[in-house]
Amino acid sequence: MSEIQPRVPLESLDPATREPEYWARFHDAVLRAASPELARRRAMPLTISGVLLSWSRALVPGAAAAAAIAGILLVPLADGDDSSLLFGVEDILREEAVRADLAPAFLASDASPEDAFLVSVERLPSGPPSGGRP
Amino acid sequence: MSTPEEQLVSDAVLVRRAIGGDQEAFSELVRRYQRAAYLVALGVTRRHEDAEDVAQEAFVVALERLEECRDPDRFAGWFTTIVKNRARNLLRREHLREGEPIPFQAPSTLPGPDRETERADLRGRLSDAMDRLSPLQREVVLLHDLEGWKHREIAERLEMPSGTVRSHLHFARRRLRELLRTVDTPGPEARKP
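Protein chains in written order, with the working numbering: chain G, 751 to 884; chain F, 22 to 214.
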């Protein structure tokens, strides 16, 4: 397609060229016809369903977008089986206890919690707090 | 007349206010889209009186159904669809009643001074030429060249690609030009003494 053709003057098709007040008259006619509906709307009480409907217009698309984003973020976790990210606090504590050979003290059925705690503290390696395990 | 403040308010705000029955908000929406509504209707019905009726009724119908306008920012497109559907329905009813195509009719004119006669003549020729365009070409050329909507606005509101709008505009103008030239140039029969 070549360049767009030059404009053809169509102004004479505008009713206002014949009647300058045409659009004002048109506007008044519409408002007259619409006045019962406008009055009905003004008189309409604020209903719960009306409020919910107006909220839903903004909330539903927002919630849908949030759900979609969450879905996109969670799918790689489920697919990639990256179980290291799913560790619980208990798992970490248990692993540390086994490494420090503290498990027997905790697991001894006849030891009271206080005794087990004291035993575990005695067995803990001494050293600078930030130096790590010897 | 609308105040400058009202002119700056977005369609979405006006729609929400009109839902609550705000007359000023609705009045501003009518002011913004009355010409476009008329032209879209004229593009379909091809008759001034029908276009006027359809456009006016469409505003009232739109007001009654404002809650169905899911995206108030796109009121123009939603409203244009209402106008077009109502115009098509009217045309269908007319066809059923009359059984023949309706010629394009610009606003009727009363006899008057020379200038008005000249205008009426131009209007008649334009109307004849418009009648030969496809409904979509009429709609696009009227909205662009008479109402001043941009390609992007027409594309968005009539839900078609911008390139299609440009193409319709191009062919509509070219066809109008050809048709008006044909009317202007007298044929061989007319030149004979």
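All C-beta atoms, glycine included, are put in the ideal place defined by N, C-alpha and C. The structure displayed is predicted, hence computed values, not measured ones.
Could you tell me the boundaries of the alpha helix (DSSP H) in which Ser785(G) lies? Tyr772 to Ala793
Is DSSP giving Glu177(F) helix, strand or coil here? When DSSP states are grouped into helix, strand and coil, Glu177(F) belongs to the helix group.
Roughly how many angstroms lie between the CA atoms of Phe47(F) and Leu824(G), to the nearest whole one? 46 Å
Counting only beta-carbon separations shorter than 8 Å, does Val81(F) have a partner in chain G? Yes, contact with chain G.
For Gly184(F), does the three-state DSSP call read helix, strand or coil? helix
Of the residues Arg68(F), Asp92(F) and Ile175(F), the one placed nearest Asp32(F), counting alpha carbons only: Ranked by Cα distance from Asp32(F), the options Arg68(F), Asp92(F) and Ile175(F) are led by Asp92(F).
Exposed or buried, what is Arg154(F) when buried is set at 16 or more other beta-carbons lying within 10 Å of its beta-carbon? Note that residue 154(F) corresponds to Leu in the displayed sequence, not to Arg. That one is buried.
Can we say the region 36-50 of chain F touches the region 61-78 of chain F, given the rule of at least three CB pairs closer than 8 Å? no
Counting only the same chain and skipping the five closest in sequence on each side, list residues whose C-beta sits under 6 Å from that of Trp99(F). Cys90
Rounded separation between Leu63(F) and Glu73(F) - CA only: Each residue's CA atom was taken as its position, placing Leu63(F) and Glu73(F) some 8 Å apart.
Let me see if you follow: with CB-CB separation under 8 Å, is Glu787(G) close to chain F or not? yes
Interface residues of chain G around Phe96(F) at Cβ under 9 Å? Chain G residues near Phe96(F): none, gap ~13 Å exceeds 9 Å.
Would you say Pro756(G) lies against chain F (beta-carbon separation less than 8 Å)? With 8 Å as the cut-off, Pro756(G) counts as an interface residue toward chain F.
Quick check: what's the CA-CA separation for Val36(F) versus Glu45(F)? For Val36(F) and Glu45(F), the distance between alpha carbons rounds to 11 Å.
Counting Cβ pairs closer than 8 Å, one from the region 754-767 of chain G and one from the region 184-202 of chain F, do we hit at least three? Yes, since at least three Cβ pairs between the region 754-767 of chain G and the region 184-202 of chain F fall closer than 8 Å, the two stretches touch.
Measure how close the beta-carbons of Glu113(F) and Val162(F) come, nearest whole angstrom, since I'm counting them as under 8 Å. Before going further, note that residue 113(F) is Arg rather than Glu in the sequence given. Wrong, their Cβ atoms sit about 23 Å apart, outside the cutoff.
Selected residue, minimal CA-CA separation from Glu761(G), among Ala176(F), Arg140(F) and Leu179(F): Arg140(F)
Indicate the three-state DSSP secondary structure (helix, strand or coil) for Val30(F) in the structure shown. coil
Determine contact between the region 177-185 of chain F and the region 771-779 of chain G, defined as no fewer than three beta-carbon pairs at a distance below 8 Å. no
Just to confirm the assignment: which complete beta strand (DSSP E) runs, minimum length 3, are found wholly within the region 73-124 of chain F? Runs found: none.
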